[in-house]
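Quick note: the sequence shown uses numbering that gives the first Met the number 0, first residue 0, plus one each step.
We put the CB at the ideal spot given by N, CA and C, even for glycine.
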Amino acid sequence: MSFDRKIKIAPSILSADFANFGAEIRAIEAEGADWVHVDVMDGHFVPNLTFGPMAVKAFRPHVKTVMDVHLMIAPVDPYIDAYADAGADVLTAHVEAGPHIHRTLQAIRGAGMKAGAALNPGTPAEAVAHLLDLTDLICVMTVNPGFGGQKFIDMTAKIARLRQMIGDRPVHIEIDGGVDPKTAPLVARAGADVLVAGSAVFRGGSVDKPEVYGQNIREIRAAAEGVWA
0 MSFDRKIKIA PSILSADFAN FGAEIRAIEA EGADWVHVDV MDGHFVPNLT FGPMAVKAFR
60 PHVKTVMDVH LMIAPVDPYI DAYADAGADV LTAHVEAGPH IHRTLQAIRG AGMKAGAALN
120 PGTPAEAVAH LLDLTDLICV MTVNPGFGGQ KFIDMTAKIA RLRQMIGDRP VHIEIDGGVD
180 PKTAPLVARA GADVLVAGSA VFRGGSVDKP EVYGQNIREI RAAAEGVWA
């Protein structure tokens with residue numbers, strides 16, 4: 000995964016058809032997805048339970064772009080090698096998930112993956128001020144993590160502050176939660192470049208109607224890129 004500061008759309012497969020993940024992944028990639036976002040939840044750090052390393056390993060052969068794995072779990076460190084073995088390209092851990100996020104990011108990079116640090120809505124940008132040389136991505140949560148389909152929380156001031164802090168470092172700012180054609184321009188204007196979208200991508204489509212996924216992806220991308228033009 001090379002650094003490329005263009006708008007990237009990363010559909011969250013949490014909104015896909017759980018009985019047909021392989022076909023869903025192939026469909027969104029064929030229709031223009033840049034990354035595939037996998038939300039890992041443990042029922043402890045967040046109030047939901049989703050995918051473990053075995054599921055992520057099963058997704059891997061279908062992902063031809065970038066598999067972006069977002070760990071909403073605590074603790075993180077005991078599972079880093081398992082997600083590396085499963086084939087994650089990017090592994091993101093929450094700043095709030097443990098006392099030693101610096102060590103966690105070192106371990107993620109040490110396992111051969113790109114390292115991300117995620118911030119819940121109540122966590123300030125300054126929480127990653129001393130981590131920016133260890134990160135490839137900062138994920139700004141614009142919902143409280145745990146469930147898809149929530150209402151967008153405006154974090155544009157935090158995003159702008161992060162972009163200022165990052166400076167010329169090759170660090171992506173990813174937005175996760177409530178991204179659609181209305182909110183995409185707000186976060187892109189503030190400095191975000193990776194947009195996670197679940198229901199806004201998968202709504203109305205299916206593996207039998209993948210063109211709907213493509214239309215949804217294009218609408219989000221166009222809305223975001225419009226403010227960069």
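Query, Result
"Short CB-CB distance (under 8 Å) between T141 and chain D", "Of the protein chains in the structure, only one exists, and it is not chain D."
"8 Å contact criterion, which V35 and M71 should meet: CB distance rounded", "In fact, because the Cβ distance is near 17 Å, the residues do not count as touching under 8 Å."
"contact_flag[the region 158-175, the region 137-147] where n(CB pairs < 8 Å) is 3 or more", "yes"
"Touching by the beta-carbon criterion (3+ pairs, under 8 Å), the region 116-123 and the region 163-170", "no"
"Continuous alpha helix (DSSP H) stretch holding E210: start and end", "209-224"
"Alpha carbon of D135 to alpha carbon of K113, nearest angstrom", "6 Å"
"Exposure label - K7; buried when at least 16 CB within 10 Å", "buried"
"Spatially closest choice to V211 from S198, A222, L104, by CA coordinates", "S198"
"With 16 other Cβ atoms within 10 Å as the buried cut-off, status of K157", "buried"
"Own chain partners of A87 with C-beta closer than 7 Å, once the 5 adjacent residues on each side are dropped", "V55, M66, V68, M112"
"Status (buried if at least 16 other CB within 10 Å, exposed otherwise) for L48", "exposed"
"For H129, the nearest candidate out of I27, R102, G145 (CA to CA)", "R102"
"Buried or exposed by the 16-neighbour rule on C-beta atoms within 10 Å, applied to E125", "exposed"
"Other residues of its chain near M154: CB distance less than 7 Å, five sequence neighbours each side excluded", "P120, V139, T141"
"Residue interval of the alpha helix (DSSP H) (run including E173)", "From DSSP, E173 is part of no alpha helix (DSSP H) but of the beta strand (DSSP E) over 171-175."
"Beta-carbon separation (whole angstroms), R162 vs A189, contact threshold 8 Å", "7 Å"
"Beta-carbon separation (whole angstroms), A26 vs P144, contact threshold 8 Å", "So it is not a contact: roughly 26 Å between Cβ atoms."
"Reference A15, options E224, I219, R202, closest by Cα", "R202"
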